[in-house]
Amino acid sequence: MYIIKVKGKAKIPDYIQIRDENFVLVAYFRADRPMKNMEKFGLEGKEEELEELIRELPFGKLQKLEL
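Shown next, in the form of structure tokens:
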């Protein structure tokens, strides 16, 4: 899976996109709110690691999601 942080503008907040190996969008959520249904993507128990990754992730740079 891949992750990208999208910069919001004015009243639109920053968002996180999680995409699968074919770059199909599988999750889209606000960067400042925790993701729900993490077990659906095999990320249960990795909330803290994901939050730290999101904080450090540069805007607009697609990265392989490895937790």
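Residue numbers (our numbering): 1360 to 1426. Beta carbons are placed, not taken as given, at the ideal position from N, Cα and C, and that holds for glycine. What you are looking at is a predicted structure, and each value in this text was computed from that prediction instead of being measured.
Cβ-Cβ distances below 8 Å link residue 1426 to 1402, 1405, 1408, 1409 and 1412 in the same chain, with the five nearest sequence neighbours on each side left out; the list follows chain order. Closest by C-alpha distance to residue 1388, out of 1379, 1382 and 1373, is 1373. Residue 1375 is classed as buried because its beta carbon has at least 16 other beta carbons within 10 Å across all chains shown. In this structure, the beta-carbon distance from residue 1362 to residue 1416 falls below 8 Å. Taking 8 Å as the cut-off, the beta carbon of residue 1421 is found no closer than this to the beta carbon of residue 1360.
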